[in-house]
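Undergrad: The listed protein sequences correspond, in order, to chains A and B. For what it's worth, this note's numbering labels the leading residue of the first sequence as 261, then goes sequentially. For what it's worth, this note's numbering labels the leading residue of the second sequence as 261, then goes sequentially. For every residue, glycine included, the Cβ atom is placed at its ideal position computed from N, Cα and C.
There are 2 protein chains.
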Amino acid sequence: MDKIADFIESWILNRLQKEADNVVVLRRNELAEELACAPSQISYVLNTRFTVERGYIVESRRGSGGYVRIARIPIQAIVFEDAARQITKDASLPTFQSTILRLRSHGLLTDREAALLSQFCDMMSSWVGPEEQGKMLRRLLLTLVNRGEKHDMR
Amino acid sequence: MDKIADFIESWILNRLQKEADNVVVLRRNELAEELACAPSQISYVLNTRFTVERGYIVESRRGSGGYVRIARIPIQAIVFEDAARQITKDASLPTFQSTILRLRSHGLLTDREAALLSQFCDMMSSWVGPEEQGKMLRRLLLTLVNRGEKHDMR
DNA sequence: GATTTTTTTGACTTTATTTGACCTTTTGTT
DNA sequence: AACAAAAGGTCAAATAAAGTCAAAAAAATC
Numbered sequence: 261m262d263k264i265a266d267f268i269e270s271w272i273l274n275r276l277q278k279e280a281d282n283v284v285v286l287r288r289n290e291l292a293e294e295l296a297c298a299p300s301q302i303s304y305v306l307n308t309r310f311t312v313e314r315g316y317i318v319e320s321r322r323g324s325g326g327y328v329r330i331a332r333i334p335i336q337a338i339v340f341e342d343a344a345r346q347i348t349k350d351a352s353l354p355t356f357q358s359t360i361l362r363l364r365s366h367g368l369l370t371d372r373e374a375a376l377l378s379q380f381c382d383m384m385s386s387w388v389g390p391e392e393q394g395k396m397l398r399r400l401l402l403t404l405v406n407r408g409e410k411h412d413m414r
Numbered sequence: 261m262d263k264i265a266d267f268i269e270s271w272i273l274n275r276l277q278k279e280a281d282n283v284v285v286l287r288r289n290e291l292a293e294e295l296a297c298a299p300s301q302i303s304y305v306l307n308t309r310f311t312v313e314r315g316y317i318v319e320s321r322r323g324s325g326g327y328v329r330i331a332r333i334p335i336q337a338i339v340f341e342d343a344a345r346q347i348t349k350d351a352s353l354p355t356f357q358s359t360i361l362r363l364r365s366h367g368l369l370t371d372r373e374a375a376l377l378s379q380f381c382d383m384m385s386s387w388v389g390p391e392e393q394g395k396m397l398r399r400l401l402l403t404l405v406n407r408g409e410k411h412d413m414r
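1. Suppose only complete runs of 4+ residues qualify. What are the alpha helix (DSSP H) ranges in the segment 344–393 of chain B, listed by chain order?
2. Using the C-alpha atoms, what's the distance from B:Leu-400 back to A:Phe-380?
3. So with CB distances below 8 angstroms, who are the chain B contacts of A:Leu-404?
4. Report yes or no: is there a C-beta of chain A within less than 9 angstroms of the C-beta of B:Phe-380?
5. Tell me the DSSP secondary structure of B:Arg-332 in three-state form.
6. Which residues in the same chain as A:Gln-277 place their Cβ atom closer than 7 angstroms to its Cβ, once the five residues preceding and following it in sequence are excluded?
7. In this structure, how does DSSP classify B:Glu-279 when only helix, strand and coil are distinguished?
8. Using 9 angstroms as the limit for Cβ to Cβ distance, is A:Lys-263 near chain B?
9. For B:Leu-361, which residues in chain A fall below 7 angstroms Cβ to Cβ?
10. Measuring CB atoms only, is the segment 352–361 of chain B touching the segment 369–386 of chain A, in the sense that at least three cross pairs come out at less than 8 angstroms?
11. So is B:Glu-392 in contact with chain A if we call contact Cβ pairs under 9 angstroms?
12. Based on Cα-Cα distance, which residue from A:Glu-269, A:Leu-404, A:Lys-263, A:Ile-264 lies nearest to A:Glu-341?
13. Are any of the Cβ atoms in chain A nearer than 9 angstroms to that of B:Gly-325?
14. Can you pull the DSSP bridge partners for A:Pro-286?
15. How would you call A:Gly-325, buried or exposed, if buried means at least 16 neighbouring beta carbons within 10 angstroms?
16. Leaving aside the five residues before and after B:Phe-356 along the sequence, list all residues of the same chain whose C-beta is less than 6 angstroms from its C-beta, in chain order.
17. Which residues mark the beginning and the end of the alpha helix (DSSP H) in which A:Arg-309 is found?
18. Provide the residue span of the beta strand (DSSP E) that contains A:Val-318, from first to last.
19. Let me check understanding here. Comparing Cα to Cα, which of A:Val-339, A:Met-384, A:Ser-320 lies closest to A:Ala-331?
20. Please identify, using Cβ separations under 9 angstroms, the residues of the segment 282–316 of chain B that lie next to chain A, in order along the chain.
21. Does any residue of chain B bring its CB to less than 9 angstroms from the CB of A:Val-318?
22. May I have the straight-line CA-CA distance separating B:Leu-361 from B:Arg-345, to the nearest angstrom?
23. Have a look at B:Arg-314, B:Asn-274, B:Leu-306, B:Asn-282 and flag the residue whose alpha-carbon is nearest the alpha-carbon of B:Glu-265.
24. Work out the CA separation of A:Met-384 and A:Gln-416 for me, nearest whole Å.
25. Got a sec? Which residues, its chain only, sit under 8 angstroms from B:Arg-287 by beta carbon, not counting five neighbours each side?
26. Using a Cβ cut-off of 7 angstroms, pull out every chain A residue sitting near B:Leu-400, in sequence order please.
27. Secondary structure at A:Leu-295, three-state DSSP: helix, strand or coil?
28. Verify whether the separation of the beta carbon atoms of B:Glu-294 and A:Trp-387 is less than 9 angstroms.
29. Please return the same chain residues whose Cβ sits closer than 8 angstroms to the Cβ of B:Leu-402, not counting the five positions on each side in sequence.
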């Protein structure tokens, strides 16, 4: 089946990629007509796929001259940096683990990444002092931020 | 009697063999109709025969445009275990990095995972002796194997 | 032949998408 | 100010898949 929703999603993603500033502005009805679907279908896609969780901000205006503005934001960077900041000097293994868990549950780490980090911390703890451990974990988290979105490459 | 389950299994295996990329995507209801069986029978076969232990990954979506995707992951575990084995007692940082790189280029690690491992080895090298480092990296690689396929959680 | 395991089915559940009717906000007109 | 037109928003119903589960049937094992 065609799955218009996916098509709309990729249409928007496509536009986003072309824009240097990670922002695309569109008229809902116009796009709906162009893609031959119900206007509310556009809303559906925006609500289910372009969520804050996934790093997007959508804002709109109604009425004459209305629009929908979709912006991709580096939310992961913000959350990661916040997590890194929370790993203070006196933090140790339990803190590390719960930080990792939190990032995982926010969908910012895959299972595998979380498992790796967790195992790291565990192994480190028997070799390096806590302050150094924290420094390392922070470093690892920032490593991930610089890699952009988690991504699955088959 | 002709055990439909077996027939379904070989139908899928057959399709898999034809696909160069070891992946086949199908619609459950469609296949059920084609093979004249209950749709849940397809699920049964997938659950009993196309398991991770047997080297398959099955993922699916419900709803309009739904599908079932079956992927054979032949070498993964073997390659990982091989890589782990190649990290011998006298291996050190350069070996670690090239092992990681190799796994990455084989598509068995994501960019982020590779970056994590690489960074970790790098950091560890100033704290722990090479033999211990190797032990740790092996441990980490096996951690990944047990997590099955890398996966993107939307 | 009795018992245990595997298969088969179908009724019911959950998830996802699509549509359309109606609602609210904004702007333009008189 | 009142009203009309132009957007976009909301929500619930209809539809389209796939998943679950347990009971019946068949096969395998002892």
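TA: Looking at the coordinates:
1. Whole alpha helix (DSSP H) segments, 4+ residues: 353–365, 371–384.
2. Numbered from its first residue, the first sequence carries residue 380 of chain A at position 120. Numbered from its first residue, the second sequence carries residue 400 of chain B at position 140. Near 8 angstroms, if we compare the C-alpha coordinates of B:Leu-400 and A:Phe-380.
3. Here residue 404 of chain A refers to the residue found at position 144 of the first sequence. Neighbours of A:Leu-404 on chain B, chain order: Arg-372, Ala-375, Leu-376.
4. Stepping through the second sequence from its first residue, residue 380 of chain B is reached at position 120. Yes, B:Phe-380 counts as interfacial toward chain A.
5. As a position in the second sequence, residue 332 of chain B is number 72, starting the count at 1. Annotated three-state conformation of B:Arg-332 is strand, per DSSP.
6. Here the question's residue 277 of chain A lines up with position 17 in the first sequence. Hits under 7 angstroms: none found.
7. Locating residue 279 of chain B in the second sequence gives position 19, counting from the first residue. Coil at B:Glu-279, not helix or strand.
8. The count along the first sequence starts at 1 and reaches residue 263 of chain A at position 3. Between A:Lys-263 and chain B, the shortest Cβ-Cβ separation is below 9 angstroms.
9. Locating residue 361 of chain B in the second sequence gives position 101, where the first residue counts as 1. Under the 7 angstroms cutoff, chain A gives no residues; its nearest Cβ is about 15 angstroms from B:Leu-361.
10. no
11. Taking the first residue of the second sequence as 1, we reach residue 392 of chain B at position 132. Contact of B:Glu-392 with chain A is assigned, a C-beta pair being separated by under 9 angstroms.
12. Your numbering for residue 341 of chain A matches position 81 in the first sequence. The shortest Cα separation from A:Glu-341 among A:Glu-269, A:Leu-404, A:Lys-263, A:Ile-264 belongs to A:Leu-404.
13. Here residue 325 of chain B refers to the residue found at position 65 of the second sequence. Closer than 9 angstroms to some Cβ of chain A, the Cβ of B:Gly-325 qualifies, so yes.
14. The residue you call residue 286 of chain A lines up with position 26 of the first sequence. Looking at the sequence provided, one finds Leu at residue 286 of chain A rather than Pro. Its beta-bridge partners are A:Val-328.
15. By one-based count along the first sequence, residue 325 of chain A stands at place 65. A:Gly-325 is exposed by the Cβ-count criterion.
16. Numbered from its first residue, the second sequence carries residue 356 of chain B at position 96. Excluding positions up to five away in sequence, the list reads Cys-381, Leu-397.
17. In the first sequence, counting from the first residue as 1, residue 309 of chain A sits at position 49. Here the alpha helix (DSSP H) through A:Arg-309 covers 299–309.
18. Taking the first sequence and counting its residues from 1, one reaches residue 318 of chain A at position 58. Per DSSP, A:Val-318 belongs to the beta strand (DSSP E) from 316–321.
19. Within the first sequence, residue 331 of chain A is the residue found at index 71, counting from 1. Taking only the C-alpha atoms, the option nearest A:Ala-331 is A:Ser-320.
20. Listed by position along the chain: Val-283, Arg-287.
21. Your numbering for residue 318 of chain A matches position 58 in the first sequence. No, no contact with chain B.
22. Here residue 361 of chain B is taken as the residue at index 101 of the second sequence, counted from 1. Here residue 345 of chain B is taken as the residue at index 85 of the second sequence, counted from 1. In a straight line, the C-alpha of B:Leu-361 is about 16 angstroms away from that of B:Arg-345.
23. Mapped onto the second sequence, residue 265 of chain B falls at position 5. The amino acid at residue 265 of chain B is misidentified as Glu; the sequence shows Ala. Among B:Arg-314, B:Asn-274, B:Leu-306, B:Asn-282, the Cα nearest to that of B:Ala-265 belongs to B:Leu-306.
24. Only positions 261 to 414 of chain A appear in the structure, and residue 416 of chain A is not among them; the question remains open.
25. Position 27 of the second sequence, counted from the first residue, corresponds to residue 287 of chain B. Gly-326, Tyr-327, Val-328.
26. To locate residue 400 of chain B, count along the second sequence from 1; it is residue 140. By Cβ distance, chain A contributes Leu-376, Gln-379.
27. On the first sequence, position 35 is the one that residue 295 of chain A refers to. Looking at A:Leu-295 - three-state DSSP - the assignment turns out to be coil, as it is neither helix nor strand.
28. In the second sequence, counting from the first residue as 1, residue 294 of chain B sits at position 34. In the first sequence, counting from the first residue as 1, residue 387 of chain A sits at position 127. In this structure, A:Trp-387 does not lie closer than 9 angstroms to B:Glu-294 by Cβ.
29. Taking the first residue of the second sequence as position 1, residue 402 of chain B is located at position 142. If we look at B:Leu-402 and ignore the five residues flanking it on each side, its Cβ neighbours are Phe-340, Glu-341, Ala-344.
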